[in-house]
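One structure is given here, and the rest of the page talks about it.
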Amino acid sequence: MKNPNELKDLLSELEEKGSSYFVDFITTKGIQAGVIRLHPGEIDTQEPHSVDEVYYVIEGSGFIKLDYKNDPIKQGTFIFVPAGSEHRFHGNTRDLLIFYALGK
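Under the numbering used here, the first residue of the sequence shown carries the number 1, and numbering increases by one thereafter.
Okay, structure coming up:
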């Protein structure tokens with residue numbers, strides 16, 4: 001695990017991976033954290049997680065579908081997703097960049 005991390009380096013790592021829209025920069029016994037970059041039209045394939053999650057919108061805007069409700073999100077929005085909840089980011093017209101953290 002590299003520490004500290006710079007956002008530009010994480011985005012470069014995403015470019016290198018090519019097929020993934022997220023990259024973890026912390027994975028320990030207690031926490032998993034990383035960055036999601038969702039291009040317009042790209043599908044967020046997340047499944048419900050067994051732990052609570054926190055998201056922060058770094059850049060862009062769109063919507064989060066949390067269970068059966070769609071809420072608008074934009075730069076500066078914090079989102080709490082309880083364990084077991086269905087959730088998807090969608091509706092962005094330009095790149096959506098999001099920080100995430102999950103307890104383990």
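Where is the CB? At the ideal position from N, CA and C, for every residue including glycine.
Within the DSSP secondary-structure output, A33 pairs in a beta bridge with I26, A101. About 6 Å separates the Cβ atoms of G76 and V57, confirming a contact at the 8 Å cut-off. Assigned with DSSP and collapsed to three states, S61 falls in strand. I98 places its beta carbon less than 8 Å from that of I36. Where D44 is concerned, there is no enclosing beta strand (DSSP E), because DSSP gives it neither an H nor an E.
The residues S61, G62, F63, in chain order, have a CB closer than 8 Å to that of P72 in the same chain once the five nearest residues on each side in sequence are set aside.
Within the model, the alpha-carbon separation for L14 versus V51 is close to 24 Å.
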